[in-house]
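Asker: In the numbering used here, the protein residues as written are 48 to 324. Here a beta-carbon is modelled for each residue, glycine too, at the ideal position from N, C-alpha and C. Source: prediction; values computed, not measured.
1. Since I believe residue 227 is in contact with residue 273 (beta carbons under 8 angstroms), could you give me their beta-carbon distance rounded to a whole number of angstroms?
2. Nearest to residue 89 by alpha carbon, out of 275, 125, 223?
3. Helix, strand or coil for residue 63? Go by DSSP, reduced to three states.
4. So who's on the other strand from residue 148, going by DSSP bridges?
5. Here's the rule: buried if 16 or more other CB atoms are within 10 angstroms of the residue's CB, otherwise exposed. What is residue 147?
6. Measure the C-alpha to C-alpha separation of residue 79 and residue 138 and round it to an integer number of angstroms.
7. Terminal residues of the continuous beta strand (DSSP E) containing residue 103?
8. Taking DSSP as the reference, what is the three-state secondary structure of residue 56?
9. Going along the chain, which residues of its own chain have a beta-carbon closer than 6 angstroms to the beta-carbon of residue 214, five neighbours each way excluded?
10. Starting from residue 273, follow the alpha helix (DSSP H) in both directions and report where the run begins and ends.
11. Could you tell me if residue 311 is buried or exposed, where buried requires 16 or more neighbouring beta carbons within 10 angstroms of its beta carbon?
12. Below 8 angstroms CB to CB, which residues in the same chain sit around residue 74 once its five sequence neighbours on both sides are set aside?
13. Express the C-alpha separation of residue 265 and residue 258 in angstroms, rounding to a whole number.
14. With DSSP as the reference, identify every bridge partner of residue 130, one or two as the case may be.
15. Rounded to the nearest angstrom, how far is the Cβ of residue 185 from that of residue 193, given a contact under 8 angstroms?
16. Count the other CB atoms, across all protein chains shown, that sit within 10 Å of the CB of residue 260; report buried if there are 16 or more and exposed otherwise.
17. Let me know if residue 235 comes out buried or exposed under the rule of 16 or more other beta-carbons within 10 Å of its beta-carbon.
18. Does residue 196 come out as helix, strand or coil in the three-state DSSP assignment?
19. Per DSSP, which residues does residue 79 bridge with? Please list them.
20. Below 8 angstroms CB to CB, which residues in the same chain sit around residue 105 once its five sequence neighbours on both sides are set aside?
21. Relative to the C-alpha of residue 108, which residue among 242, 162, 238, 232 is closest?
22. Do the CB positions of residue 190 and residue 85 come within less than 8 angstroms of each other?
23. Going straight from the alpha carbon of residue 155 to that of residue 179, what length do you get?
Here it is in structure tokens:
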């Protein structure tokens, strides 16, 4: 099976059904986690799985004394496996990553298995949410030295040359969620600076593949961060038909696009949150 094509197909199917996978509140609502370890799945796998809760393989379900209900469909989880290969010309050996997958079931698709790691999620109120968002922003700015400027206008952007995020003034935004979604979008771009994750190592222009890929990295990163601080994004202003169609076309043209963008977004989010990995 072509795993890249299958991942892309599943993401596209969600979008064709009116769901934008990276815009689902799968962090604020609690993450999808492994029943065996309690560890949260990657951002890409969160999108593929679609909802929070514990997941386990068919074998893990049996070993726990349970069984998968008849007729239940499994969900794909992907991971990277390093394989040693030998260069045919030089004989030099090196390790390269290959994308692999396995199938899991949500715990509510099983009988006789009890959840071990799922905890109740506490949704913060508006004041706490604002404070949590501000803390993420100021911690990252202070730690990385990125400048943040508000200026009345109609553009929001990150300028690599000055390592600066420029935003419209706050009163121009119609909601708190949209303001922080924009802030986090631009902060995600800033993680690509050569002194950080070095994604922005060459100029990219609107309409190019590099530009589109970086925009999707920023979209996924912003969605993860907005949901991390507990802000509601179910009715995001970006969830428009034109927006969906644009990304559907991009994903259709490159089956590796979503896998690459999700991986880069996860690294960006970890950097902004000061997390290891």
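Answerer: Reading from the atomic positions:
1. Right, their Cβ atoms sit about 6 angstroms apart.
2. Across the set 275, 125, 223, the C-alpha of 125 shows the shortest separation from the C-alpha of residue 89.
3. Reduced to three states, the DSSP call for residue 63 is helix.
4. Partner(s): 125.
5. Counting C-beta atoms within 10 angstroms of its own C-beta, residue 147 has fewer than 16 neighbours from the protein chains shown and is therefore classed as exposed.
6. Roughly 42 angstroms between the two C-alpha positions.
7. Secondary structure note for residue 103: its beta strand (DSSP E) is the uninterrupted segment 100-103.
8. Three-state result, residue 56: helix.
9. 197, 203, listed in sequence order.
10. Per DSSP, the continuous alpha helix (DSSP H) segment holding residue 273 begins and ends at 256-275.
11. Around the beta carbon of residue 311, 16 or more other beta carbons lie within 10 angstroms, which makes this residue buried.
12. Low confidence applies here, because residue 74 scores a pLDDT of 49, under 50, leaving its location unreliable and the question unanswered by this model.
13. Going from the Cα of residue 258 to the Cα of residue 265 covers about 11 angstroms.
14. Bridge partners of residue 130: 143.
15. About 11 angstroms separates the beta carbon of residue 185 from that of residue 193, a gap too long to meet the 8 angstroms contact definition.
16. A residue is called buried when at least 16 other Cβ atoms come within 10 angstroms of its Cβ; residue 260 meets this threshold and is buried.
17. Residue 235 sits buried, since 16 or more C-beta atoms from the chains shown fall within 10 Å of its C-beta.
18. In the structure shown, the three-state DSSP call for residue 196 is strand.
19. 100, per the DSSP bridge assignment.
20. Cβ contact annotation for residue 105 (same chain, cutoff 8 angstroms, sequence separation greater than five): 115, 121, 150, 152, in chain order.
21. Closest option to residue 108, judged by alpha-carbon separation, among 242, 162, 238, 232: 162.
22. Result no, Cβ atoms of residue 190 and residue 85 do not sit closer than 8 angstroms.
23. Taking the straight line from one Cα to the other gives about 32 angstroms.
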